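**Q**
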Amino acid sequence: MEKTASRQAIRLFLQRYGLLLSYGLVVLVLSLLSQRFLGISNQINILRQASINAIVSIGMTLVILTGGIDLSVGSILALSAVISAALMKNGLAVPWAVLTAFAIGAGLGLINGLMITRGRIPPFIATLGMLTVARGLALMYTQGQPVTGLPPSFRYIGAGTLGSLPMPIVVAAATFIAGIILLRQTRFGEYIYAIGDNVQAARLAGVPTERVVNLVYAFSGFCAALAGLVLIARLDSAQPVIGQGYEFNAIAAVVVGGTSFSGGEGGLPGTLLGALLIETLDNGLNLLNVSALWEQVVKGVVIALALLLYKAIGR
Amino acid sequence: MKPRLKFEHIYKAFPGVQAVRDFSLEAQSAEILALVGENGAGKSTLMNILSGAILADSGRIFLDGEEVMIDSPRRALELGITMIHQELALIPQMSVGQNIFLGREPRLSTLRAMVDWKELYRLAQQELDRLGLKISARDLVQDLTIAQRQMVEIAKALSYKARLIVLDEPTSALSEREIETLFDLMRSLRQHGVTLIFISHRLEEVFAVADRIAVMRDGQLIGVKAANEISRDEVVEMMVGRELKEFFPKANVQRGALVLSVRGLKRGKNLRGINLDLYQGEIVGVAGLVGSGRSELARAIFGADRVEAGKISLNGKEIQLHKPEDAIRLGIGFVPEDRKAQGLFLGQSVRSNIVISLLNRISQLGFIRFKLADELVEKMIRQLNIKTPSVQQRVRNLSGGNQQKVVIARWMSLNPKVLILDEPTRGVDVAAKAEIHALISKLAGQGVSILMISSELLEILGVSDRILVMREGNITAEFSRKEATQEAIMRAATGQVDNQRLSLQSQTV
Ligand SMILES: Nc1ncnc2c1ncn2[C@@H]1O[C@H](COP(=O)(O)OP(=O)(O)OP(=O)(O)O)[C@@H](O)[C@H]1O
Ligand SMILES: [Mg+2]
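Protein chains in written order, with numbering that gives the first Met the number 0: chain A, 0 to 314; chain B, 0 to 508.
1) Identify which residue in Leu46(A), Ala105(A), Ser21(A) has its Cα closest to the Cα of Leu225(A).
2) Exposed or buried, Arg328(B), counting other C-beta atoms within 10 Å across all chains shown (16 or more means buried)?
3) Does the distance from the CB of Ile90(B) to the CB of Ala55(B) come in under 7 Å?
4) Spatial neighbours of Ala33(B) within its chain, please: CB distance less than 6 Å, with the 5 preceding and 5 following residues excluded, ordered by chain position.
5) With burial defined as no fewer than 16 other Cβ atoms inside 10 Å of the residue's Cβ, what is the status of His321(B): buried or exposed?
6) Per the contact definition of three or more C-beta pairs closer than 8 Å, is the stretch 61 to 68 of chain A in contact with the stretch 242 to 262 of chain A?
7) Comparing the C-beta of Gln97(B) with each C-beta of chain A, is any distance below 7 Å?
8) Once you ignore the five residues that flank Arg148(B) on each side, which residues in its own chain have a CB closer than 7 Å to its CB?
9) Leu199(A) versus chain B: which residues are under 8 Å apart at the beta carbon?
10) Could you work out which residue in Thr116(A), Ala171(A), Glu294(A) is closest to Ala217(A) when comparing CA atoms only?
11) Alpha carbon to alpha carbon, what distance is there between Glu228(B) and Leu163(B)?
12) Is DSSP giving Ala26(B) helix, strand or coil here?
13) Take Val306(B) and list the residues in its own chain whose beta-carbon comes closer than 8 Å to its own, dropping the five residues that flank it on each side.
14) Does at least one heavy atom of ligand 1 sit under 6 Å from the Cβ of Ser348(B)?
15) Is the closest heavy atom of ligand 2 to the C-beta of Ser398(B) under 6 Å?
16) Which residue from Met411(B), Val223(B), Gly287(B) puts its Cα closest to that of Ile331(B)?
17) Return the CA-CA distance between Gly188(A) and Asn274(B), expressed in angstroms with no decimal places.
18) Is Gln85(B) near ligand 2, going by C-beta to nearest heavy atom under 6 Å?
19) Measuring only between beta-carbons, confirm whether Pro207(A) sits less than 7 Å from chain B.
20) Give the DSSP-derived three-state secondary structure of Tyr278(B) in the structure shown.
21) Is any heavy atom of ligand 1 found at a distance shorter than 6 Å from the C-beta of Phe22(B)?
22) Output yes or no for whether 7 Å exceeds the beta carbon distance between Ala26(B) and Leu4(B).
23) Quick one, which of Thr126(A), Leu78(A), Met166(A) has its alpha-carbon nearest Pro145(A)'s?
24) How would you write the range of the alpha helix (DSSP H) that Asn41(A) sits in, first residue to last?
25) How long is the line joining the alpha carbons of Gly266(A) and Leu275(A), rounded to whole angstroms?
26) Any idea what DSSP makes of Val390(B), helix, strand or coil?
27) Counting only C-beta atoms, is Gly365(B) closer than 7 Å to chain A at any point?
28) Counting only beta-carbon atoms, is Gln51(B) nearer than 7 Å to chain A?
29) Just verifying my parser: in three-state terms, what is the DSSP assignment at Phe12(A)?
30) Any idea what DSSP makes of Lys298(A), helix, strand or coil?
31) Whose C-beta lies closer than 6 Å to the C-beta of Ile311(B) among residues of the same chain, with five residues either side of it excluded?
32) Which chain A residues sit within Cβ distance under 8 Å of Leu345(B)?
33) Measuring alpha carbon to alpha carbon, tell me which residue in Ser43(B), Leu413(B), Ala476(B), Pro415(B) is nearest Asp217(B).
34) For Tyr309(A) and Val253(A), I'd like the C-alpha separation in whole angstroms.
35) Mind pulling the chain A residues with CB within less than 8 Å of Lys322(B)?
36) May I ask which residues mark the beginning and end of the beta strand (DSSP E) holding Arg186(A)?
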């Protein structure tokens with residue numbers, strides 16, 4: 000029966016470092032298969048590509064920690080991006096345009112929250128509604144046309160660099176750090192975990208459950224808007240169809256990162272690693288000239304494997 | 000004859016805790032063996048090993064002389080071992096009958112793939128009736144009271160026709176009458192040769208029903224004695240390893256000004272116009288059968304449920320309570336009856352669970368001052384003697400009694416003006432119970448007004464300055480500490496009211 004003790008030790012180890020281990024494994028395999036993979040420029044490339052999804056995933060992590068889900072992030076991203084792009088084209092100063100995008104993102108997120116807390120609509124349905132509505136508004140507003148030729152000062156956040164680091168990475172890192180502080184150092188973060196763990200007990204313990212949930216969805220909307228700005232700044236073009244399917248990538252990063260769908264368990268470090276892992280796979284398959292269609296399949300399989308692993312190690 | 004059950008040198012460790020060490024014990028057929036010990040002594044762990052929920056690190060288990068390897072709950076059932084778990088494990092959204100036959104539903108003889116619902120509900124009802132329960136097999140579990148759920152859990156375990164039945168604190172949610180039914184049933188099972196292992200922190204019960212008593216401390220077997228050869232005090236001494244000055248050291252407190260006053264509180268058939276006054280430094284006990292409206296009263300005063308009518312005043316001022324937050328802000332605290340569903344965040348740390356309600360006070364600009372939090376939590380852990388390897392331990396990993404203490408700690412650290420306690424010592428061991436009672440007394444001494452609901456008459460009688468009895472949504476009697484007796488309370492709770500005692504109620508209606 001000695002075996003059971005060591006089995007337990009292995010399980011504990013996997014719970015803590017399993018994700019890091021899989022990441023290391025993927026990196027190892029890819030670096031053996033392709034010489035270009037480990038190069039510093041490719042690695043920075045991966046980070047830059049991952050940063051948009053990472054920013055969206057930060058908001059998504061908070062949402063999933065409360066036991067909810069936000070399907071509307073891609074649409075919110077698009078709507079806030081096209082509106083602020085149009086405003087900039089029409090001569091509005093960049094800071095104001097950026098703030099408008101934030102307000103739209105957070106505002107739509109807040110509406111998600113209110114539908115859930117006041118309207119008692121399940122998060123899945125409420126944010127699915129927002130997904131269609133916001134996308135529809137984005138298409139209507141632009142009449143399907145992209146907005147291009149954004150001011151250079153704005154383009155800096157997407158195309159510029161700080162030192163030798165591309166700005167998207169800097170923005171993602173800053174958001175990530177802010178998110179970690181929010182979750183781990185503040186009352187608000189503590190409330191998020193409590194609500195995800197047991198809403199009823201949270202209410203009886205005096206946690207302002209509705210307010211917290213509203214704010215969490217608002218934060219998710221804010222993150223989507225931020226990601227949208229970085230994205231259009233990099234592309235120098237705001238199309239009403241951007242961000243489609245981003246909710247899937249964000250949710251994937253969060254769950255691969257070990258945050259439990261039932262809420263109250265997990266956190267941002269996992270999400271970051273999850274986003275990196277997914278992007279690294281994408282990148283590696285690209286380098287190996289695997290078709291884009293296969294990429295989808297591989298991504299799906301990785302997520303399924305991660306969930307199976309969590310189940311097996313009792314997370 | 001071979002013993003029914005034999006443990007040989009069982010060991011089990013969790014990170015930071017040796018939960019069971021070198022445990023050997025035998026149980027005979029047709030025997031009721033009680034297993035007692037302090038919170039965290041390792042009782043549930045040992046029984047979980049027996050029922051296949053967890054694996055031992057080492058050691059052997061024999062059943063009727065044969066060594067068995069119990070590596071899953073299913074295997075345990077095949078071997079004829081069933082267990083009633085300390086924490087309820089029914090599925091709330093399913094019916095009682097579905098729960099009882101979960102995973103072994105009777106099938107239609109014509110079409111084996113289909114469940115024979117009629118037969119399922121007939122068999123389930125039979126099990127329920129056997130226990131004298133007024134529950135329909137078609138009721139949803141979520142509509143049952145916690146006591147009824149416990150009885151369903153018992154009915155489910157009995158329906159397996161096992162040769163060994165483990166009951167882990169089955170009585171902590173039950174009232175006297177249901178406990179008697181359960182004991183009668185246990186005795187009749189014993190007559191049929193079944194072995195029962197019974198865990199309880201209420202030693203009166205242990206002595207009432209058990210043939211032998213095994214005492215555990217720190218994961219070890221301290222001793223096992225025939226129930227009629229050992230006294231209650233000796234058992235307690237074996238449990239805690241020292242002599243314990245027990246039982247409700249109620250300090251005499253001068254009753255102060257009127258603090259909380261409730262008038263005409265109504266909510267459906269659970270609260271039919273309740274009037275209640277609570278003075279400073281006073282402990283008011285609320286007795287009554289399960290379902291008499293006691294818990295609903297507590298929840299209403301705490302703002303957890305909407306009421307249809309009624310006024311609540313605090314220090315002479317009428318207050319409006321829309322949600323628990325409002326009550327907490329005004330200095331009202333509440334320990335709910337069901338710690339798992341209403342009290343705890345099982346996946347979070349001991350620290351998070353204790354400080355959650357007072358984060359407002361220990362944070363600055365929204366940032367938690369962790370040093371302050373840790374000091375506070377360490378103090379509560381010491382004061383309530385909570386057994387945990389660290390403040391970071393997840394509450395899920397604590398023993399049942401220690402979980403209860405965590406909830407109590409949360410509300411005590413809040414320094415409320417009014418503290419409402421619904422079954423505060425459920426599942427708590429004798430020593431800790433005495434500590435909690437002492438703490439309640441001390442709080443009252445500091446001027447806190449306390450409303451304590453309990454199904455344990457001895458607890459009510461020992462702690463309260465004044466006792467209210469509820470029945471069917473009304474307060475049917477009021478006793479001072481001096482006048483109260485167990486018989487009088489039971490009479491009022493069951494319906495033979497003594498009219499003169501209705502002083503407060505008749506005055507104000
Ligand atoms: N899954 C777990 N992980 C870590 N520690 C655990 C786990 N389960 C139990 N423990 C620890 O093992 C010890 C024994 O716990 P156990 O639940 O067996 O106590 P108990 O005797 O049943 O107590 P109670 O009377 O409070 O129910 C405790 O210190 C508890 O914290
Ligand atoms: Mg236990």
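Beta carbons are placed, not taken as given, at the ideal position from N, Cα and C, and that holds for glycine. Please read these numbers as outputs of a predicted model, since none were measured by experiment.
**A** On the basis of the supplied data:
1) Ala105(A)
2) exposed
3) no
4) Phe197, Val205, Ala209, Ile212
5) exposed
6) yes
7) no
8) Leu87, Leu89, Val140
9) The sequence given here places Gln at residue 199(A); Leu does not occur at that position. Ordered by position in chain B, the residues that pass the 8 Å Cβ test against Gln199(A) are Ala340, Gln341.
10) Thr116(A)
11) 25 Å
12) strand
13) Leu264, Lys265, Arg266, Leu270, Ala299
14) no
15) yes
16) Met411(B)
17) 40 Å
18) yes
19) yes
20) strand
21) no
22) yes
23) Leu78(A)
24) 39 to 64
25) 15 Å
26) coil
27) yes
28) Note that residue 51(B) corresponds to Gly in the displayed sequence, not to Gln. For Gly51(B), the answer is no, since every Cβ of chain A falls outside 7 Å of its Cβ.
29) helix
30) helix
31) Val261, Ile318
32) Asp196, Asn197
33) Ser43(B)
34) 13 Å
35) Arg202
36) Where Arg186(A) is concerned, there is no enclosing beta strand (DSSP E), although the alpha helix (DSSP H) it sits in stretches over 186 to 196.
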